[in-house]
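To start, the structure under review is shown below, and the notes come after it.
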Amino acid sequence: MSYDLVIKGGLVATASDTFAADVGIRDGKIAAIAAALDGGAETIDATAKLVLPGAIETHAHIEQESATGAMTADDYRTGSISALYGGNTSFVPFAAQHRGQSVTDTLALYHERAEKSVIDYSFHLIVTDPTEEILKKELPEAFAGGITSFKVFLTYDKMIVPDEAMLDILVTAREHGALTMVHAENNALIKWMVKRLVETGHTAPKYHAVSHPAAAEAEAINRAITLANFVGAPLLIVHVSTEEGANLVADARRAGHPIFGETCPQYLFLTRDDLDKPGAEGAKFCCSPPLRDVKTQEDLWRHLQAGTFHLWSSDHAPYRFDESGKLSAGPNPPFNRIANGMPGIAMRVPLLMSEGVRKGRLSLNDFVALTATNAAKLFGMHPQKGTIAVGADADIAIWDPEETRTVTAADMHDAMDYTPFEGMEITGWPTTVITRGKVALSGGELHAEPGDGKFIARQPFDFTGYTNRPFPELDPAAFGVKLID
Ligand code: URP
Ligand code: ZN
Ligand code: ZN
Numbered sequence: 085m086s087y088d089l090v091i092k093g094g095l096v097a098t099a100s101d102t103f104a105a106d107v108g109i110r111d112g113k114i115a116a117i118a119a120a121l122d123g124g125a126e127t128i129d130a131t132a133k134l135v136l137p138g139a140i141e142t143h144a145h146i147e148q149e150s151a152t153g154a155m156t157a158d159d160y161r162t163g164s165i166s167a168l169y170g171g172n173t174s175f176v177p178f179a180a181q182h183r184g185q186s187v188t189d190t191l192a193l194y195h196e197r198a199e200k201s202v203i204d205y206s207f208h209l210i211v212t213d214p215t216e217e218i219l220k221k222e223l224p225e226a227f228a229g230g231i232t233s234f235k236v237f238l239t240y241d242k243m244i245v246p247d248e249a250m251l252d253i254l255v256t257a258r259e260h261g262a263l264t265m266v267h268a269e270n271n272a273l274i275k276w277m278v279k280r281l282v283e284t285g286h287t288a289p290k291y292h293a294v295s296h297p298a299a300a301e302a303e304a305i306n307r308a309i310t311l312a313n314f315v316g317a318p319l320l321i322v323h324v325s326t327e328e329g330a331n332l333v334a335d336a337r338r339a340g341h342p343i344f345g346e347t348c349p350q351y352l353f354l355t356r357d358d359l360d361k362p363g364a365e366g367a368k369f370c371c372s373p374p375l376r377d378v379k380t381q382e383d384l385w386r387h388l389q390a391g392t393f394h395l396w397s398s399d400h401a402p403y404r405f406d407e408s409g410k411l412s413a414g415p416n417p418p419f420n421r422i423a424n425g426m427p428g429i430a431m432r433v434p435l436l437m438s439e440g441v442r443k444g445r446l447s448l449n450d451f452v453a454l455t456a457t458n459a460a461k462l463f464g465m466h467p468q469k470g471t472i473a474v475g476a477d478a479d480i481a482i483w484d485p486e487e488t489r490t491v492t493a494a495d496m497h498d499a500m501d502y503t504p505f506e507g508m509e510i511t512g513w514p515t516t517v518i519t520r521g522k523v524a525l526s527g528g529e530l531h532a533e534p535g536d537g538k539f540i541a542r543q544p545f546d547f548t549g550y551t552n553r554p555f556p557e558l559d560p561a562a563f564g565v566k567l568i569d
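Per the numbering used here, the sequence shown starts with residue 85, numbered consecutively.
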């Protein structure tokens, strides 16, 4: 047998198994996995290394205008390069529909933007304007074109979707096999807090956390889950930042509903004390939901270990610490005029390797599930992506589990001027990253080109294992009402 590339002598891990094996790659696919393989036109010696599925980032804001018009610092070239340096071989950023825009036009724009990606990509839509036309025609067309997930917001005046519209959206998604993702915070509660804080002169960055209390997240998660369960629709609660929120996801999962949770590194490695850095420094740490406290970090670790969360995502939302981003409202902006979000696409996987696997909190298989396989399954990319198996795309990250690093902004290879994780000491780093059989990154050197990344048309949400029964409330006959003779 001959292969284009053989990875020899490494320890391979999937979401279920860890074993010593060689991996043979032909025509961009994994062609063989065996104790010993010869016949590689090229070989990579992976002795003492981990051979893992390339990670899949499914929460990133890339070349995206916010509702207030701020553009992210990273475009599809820099964002994908940074992702690659962090061990990712695919990503699914957002294509944001703003009010008055068509979903079809939005997707066409993002398809064009993503042409310069160095890794494979798809998009989640952000839906802010669910008109009849969009619900009945444009969304189903987008789903048929392989965009089988989308995000809605229960907060931000320019993005918010009222509960009735949320029900329409959930029913549409369920009918067409799409997955709804939700940013769950109570808008009124946040606005009420912001108004009082600003009126009383409490405008420093640290008050951003005060203005987004845990109760705002818990209320909105509870409501979103209630609505999704009512119509039997699958729902992903993104960036869960509180114990209360995680408990609600865990309860819904225990009850057998297709409810999923995601959390992010910032909620496990940073706290609201970071918002209280001198001067405007705290602006670097403004994101929504906001950073919490040390107790919450422990709660979220516990939930991560217990399997509450399917996804570990960066929520990479890169706004530079200058007038183009965080300081667009001046050198000392009030907290309510600071662009929300922080960068982290290069750090999400190394942080989980170091603080999760290397510190004994998670198994290597849990790590693979959280960084690659669960995302591939949940978003309709499995088994093409997210695992090491014969026939899968040869998207592989080779990790040196012993390499130690001190995190610096320069190592992120993004378009940003800071990393919120600056100075952290971590162990474990991806040394070689292979995308569809091509060595895209090796020994710190980039070999990928803009345009190497290809669009991934995704499959519908897989209801296997979930009841998927119509809820009696949606069936008039259950109440003895006959609508049609
Ligand atoms: O603060 C954040 N996370 N900004 C990005 C947008 C979002 O809500 O995910
Ligand atoms: Zn969000
Ligand atoms: Zn986000």
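Every residue, glycine too, gets a C-beta built ideally from N, C-alpha and C.
Asked: Residue of Phe-419, Gly-512 and Asp-495 minimising C-alpha distance to Thr-488; Found: Gly-512
Asked: Asp-399 Cβ short of 7 Å to ligand 1 heavy atom set; Found: yes
Asked: Closer than 6 Å: residues whose CB approaches a heavy atom of ligand 2; Found: His-267, Val-322 and His-323
Asked: Minimum length 4: unbroken alpha helix (DSSP H) runs contained in the stretch 104-189; Found: 160-169
Asked: Pick from Ala-130, Arg-183, Thr-519 and Ser-166 that is closest to Thr-492, judged by C-alpha positions; Found: Ser-166
Asked: Within 8 Å, strictly: CB atoms of Arg-356 and Asp-377; Found: yes
Asked: Inter-residue Cα distance where the pair is Gly-535 and Ala-105; Found: 32 Å
Asked: Reference Phe-451, options Asp-129, Pro-137, Val-107 and Ala-115, closest by Cα; Found: Pro-137
Asked: Residue from Gly-549, Phe-547, Arg-542 and Tyr-550 with nearest C-alpha to Phe-175; Found: Arg-542
Asked: Length of the line joining the Cα atoms of His-497 and Thr-162; Found: 7 Å
Asked: Member of Ala-478, Gly-329 and Ala-460 whose CA lies at the smallest distance from the CA of Ala-524; Found: Ala-478
Asked: Three-state secondary structure (DSSP) of Arg-197; Found: helix
Asked: Min CB distance Phe-234 to chain B below 8 Å; Found: Of the chains in the structure shown, none is chain B; there is only one protein chain.
Asked: DSSP-derived helix/strand/coil call for Val-433; Found: helix
Asked: Cβ contact check for the stretch 258-267 and the stretch 222-239: 3 or more pairs under 8 Å; Found: yes
Asked: Chain-order list of residues whose beta-carbon lies under 6 Å from that of Arg-197 (same chain, five-residue window excluded); Found: Glu-147 and Tyr-160
Asked: Residue closest to Leu-273, alpha-carbon to alpha-carbon, out of Gly-285, Cys-370 and Ala-298; Found: Ala-298
Asked: Which of helix, strand or coil DSSP assigns to Ile-274; Found: helix
Asked: Cβ contact check for the stretch 416-431 and the stretch 276-292: 3 or more pairs under 8 Å; Found: yes
Asked: Buried/exposed call for Leu-558, threshold 16 Cβ in 10 Å; Found: exposed
Asked: Span separating the alpha-carbon of Leu-191 from that of Ser-86; Found: 41 Å
Asked: Local conformation of Phe-227 per DSSP, three classes; Found: helix
Asked: Beta-carbon gap between Thr-212 and His-182 smaller than 8 Å; Found: yes
Asked: For Val-266, the residue or residues it bridges with in DSSP; Found: Val-236 and Ile-321
Asked: Buried or exposed (CB count within 10 angstroms, at least 16 for buried), Gly-108; Found: buried
Asked: Counted within 10 angstroms of its Cβ, other Cβ atoms place Pro-514 as buried (16 or more) or exposed; Found: buried
Asked: 6 Å CB neighbourhood of Thr-347 in its chain, flanking five on each side removed; Found: Val-324, Leu-384 and Phe-393
Asked: Near ligand 4: His-387 beta-carbon under 7 Å from a heavy atom; Found: Of the ligands one can find in the structure shown, namely ligand 1, ligand 2 and ligand 3, none is ligand 4.
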